[in-house]
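Worksheet: the structure to be examined is printed underneath.
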Amino acid sequence: MITPIILVLASALVLIFLFRLAMGRALTAGQLDHPSEHLRKVDVEAFRNLTDPAEEEFLRNQLAPAEFRRIQRERLRAAAEYVSAVASNAAILLRVGEACRNSTPATSSSAQQLIETAFRLRLYAMQALIVLYLGILWPGHRVSVARIAERYEQMTRHVIMLGLQNPLQGVSAAL
Amino acid sequence: MHWLRLMLDGLWVLTPMLESVLVVAMVRRRVFVRFPVFFAYVVADACFTAVMFVMDKLPSVSGPAWTRVYFPGLVILSALQFTVVWEVFDHIFRVHSFLNRFGKPLFRTALVAFFLAGITAAAFTRTHEAYPTMAILHLLQQTASILLVGLLGSLFIFSAFFGLSWRSFVFGIALGMGSDAAVNLAAAAIKEYFGLSGSIYLNLLTQGSSNLSVLIWVFYLFMPDTTGGNGNMKNLSQPDLEDWNQELREISRR
């Protein structure tokens, strides 16, 4: 009796997932019309501070262990917020890059660079989110996600280069 | 029960009619050139469903004769379905060239993983079906549906993870096929366990789901594409080079 129950439940879950996907697709269809409205602001300097190993070491030495764990959890939660914003922006910029890929050769090359960077950043951001959530569970564990900031800035540079060749309606300002 | 039988017949007849509409629309929009396997699948399914309906209503056609046509037809259609899924994979990974290296490995891994899942589910399924032929048929349908749902589900999850945009019609093909496979999976599992081959309710459910999937394909065929991809993004103002240069300078200073 267990196998048919599992299969029926799995089918129901797949149907719900597909329905949500179709609805989500309909809702996000306008992202390319006004990409800057959908991008989330990321303060790279604040993110660097939150994930700075020297800052973490300083707090570890200055605070009582329980207090350090509480503060570190809050810092990592804030960092995870930034990383999820970065991941969401990377997904939108992937689509922007795709949309610009087939125009002039110069734009096409910048768009290709943006796609590659946004893709790598999205992949890295997802890994970083896992690391950060593990860090929230074990706040004593050292967390290293500093490369996110570098890659995010690299992506911003590609957006600007692309924007110089193809107007992107304030996309880089929104980043 | 008479009206339920009428309803089932109506849904049965409706499938090839809707598929004919889709075929004509695909030809008129020349979409069949981009999706030849899917086109072949829709044509084959329309012919198969129509032939099976006529054979079912002809008193001169015996049950075994009907089954002799039904089984090979089902095998051919299932093979075509998997080729359509491959066509969808190929299309997605060709459009997103930076993902090219992931396409084949993802398809192969998902194929092996869900084939094993299908075999395991079949091994653990206890049948209460009175007819051995039908029991085998439901088990095969269940395994094929697990594979289809698994392959399409992997593709949906993978593209959701990277926030990939799908061209409307490719999304529609995958959505229609995935939802139909999910309903068929549930129906095959229930039929197999409870021995309900002849259940009119389950047959209504699967036939209705087939029609719904064709409607989904028709809807997405006529839906405008929202993915862009031609470099002409909508509502974009003229570049303000001074602003861009200012931003570039700020970034360089960091």
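Residue numbers (this note's numbering), protein chains in the order written: chain A, 1 to 175; chain B, 1001 to 1254. In this text, a Cβ means the ideal position worked out from N, Cα and C, and glycines have one as well. Predicted model, so just to flag it, every value in this text is computed and none were measured.
Is it buried or exposed for residue i, if we count other Cβ within 10 angstroms and need 16 for buried?
i, result
"Gly-1172/B", "buried"
"Met-155/A", "buried"
"Pro-1193/B", "Checking the sequence shown, residue 1193/B turns out to be Tyr, not Pro. Classification for Tyr-1193/B: buried."
"Ser-1168/B", "buried"
"Ser-1159/B", "buried"
"Gly-24/A", "exposed"
"Cys-100/A", "buried"
"Tyr-1131/B", "exposed"
"Phe-1107/B", "buried"
"Gly-1063/B", "exposed"
"Arg-95/A", "buried"
"Ala-1187/B", "buried"
"Gly-135/A", "buried"
"Thr-128/A", "According to the sequence provided, residue 128/A is Ala. The question's Thr does not apply to it. Buried, because 16 or more other Cβ atoms sit within 10 Å of the Cβ of Ala-128/A."
"Arg-157/A", "buried"
"Ala-118/A", "buried"
Under DSSP, the alpha helix (DSSP H) around residue i begins and ends at which residues?
i, result
"Gly-1150/B", "1132–1161"
"Asp-1056/B", "1036–1057"
"Asp-1090/B", "1063–1095"
"Pro-1002/B", "Checking the sequence shown, residue 1002/B turns out to be His, not Pro. His-1002/B -> alpha helix (DSSP H) spans 1002–1028."
"Ser-1199/B", "Neither: Ser-1199/B is in no alpha helix (DSSP H) and is coded neither H nor E."
"Arg-142/A", "Careful: Arg-142/A lies outside any alpha helix (DSSP H) and carries neither H nor E."
"Gly-1195/B", "Run containing Gly-1195/B: none; DSSP gives neither H nor E here."
"Phe-119/A", "105–137"
Would residue i and residue j qualify as a contact pair, given that the criterion is a beta-carbon distance under 9 Å?
i, j, result
"Val-1075/B", "Met-1052/B", "no"
"Gly-1103/B", "Phe-1089/B", "yes"
"Leu-1111/B", "Leu-1151/B", "yes"
"Thr-1109/B", "Ala-1122/B", "no"
"Leu-13/A", "Ala-79/A", "no"
"Ile-229/A", "Phe-1035/B", "The structure shown does not extend to residue 229/A, since chain A spans only 1 to 175, so no value can be given for it."
"Pro-1072/B", "Ala-1046/B", "no"
"Leu-1185/B", "Val-1214/B", "no"
"Ser-1179/B", "Leu-15/A", "yes"
"Val-44/A", "Glu-116/A", "no"
"Ile-1190/B", "Val-8/A", "yes"
"Trp-1012/B", "Thr-1049/B", "yes"
"His-1096/B", "Glu-57/A", "no"
"Val-1021/B", "Ile-1092/B", "no"
"Phe-68/A", "Leu-76/A", "no"
"Ile-1157/B", "Gly-1118/B", "no"
"Leu-1099/B", "Phe-1162/B", "yes"
"Leu-1175/B", "Ala-22/A", "yes"
"Ala-87/A", "Leu-121/A", "yes"
"Glu-1129/B", "Gly-1195/B", "yes"
"Leu-93/A", "Leu-39/A", "yes"
"Val-159/A", "Leu-114/A", "yes"
"Pro-4/A", "Arg-70/A", "no"
"Leu-1204/B", "Leu-1004/B", "yes"
"Ala-1182/B", "Ser-11/A", "yes"
"Val-1043/B", "Val-1061/B", "no"
"Leu-1008/B", "Ile-1200/B", "yes"
I need the DSSP call for residue i, collapsed to helix, strand or coil.
i, result
"Val-42/A", "coil"
"Arg-75/A", "helix"
"Glu-1129/B", "coil"
"Ser-1060/B", "coil"
"Met-23/A", "helix"
"Trp-1217/B", "helix"
"Ala-64/A", "coil"
"Pro-1105/B", "helix"
"Thr-51/A", "coil"
"Arg-95/A", "helix"
"Leu-15/A", "helix"
"Arg-69/A", "helix"
"Pro-1224/B", "coil"
"Leu-1164/B", "coil"
"Arg-157/A", "helix"
"Asn-1230/B", "At Asn-1230/B the pLDDT is 44, less than 50, meaning the model places this residue with poor confidence and gives no usable figure here."
"Met-1/A", "coil"
By the criterion of Cβ-Cβ separation under 8 Å, what are the contact partners of residue i in chain C?
i, result
"Phe-1124/B", "Of the protein chains in this structure, namely A and B, none is chain C."
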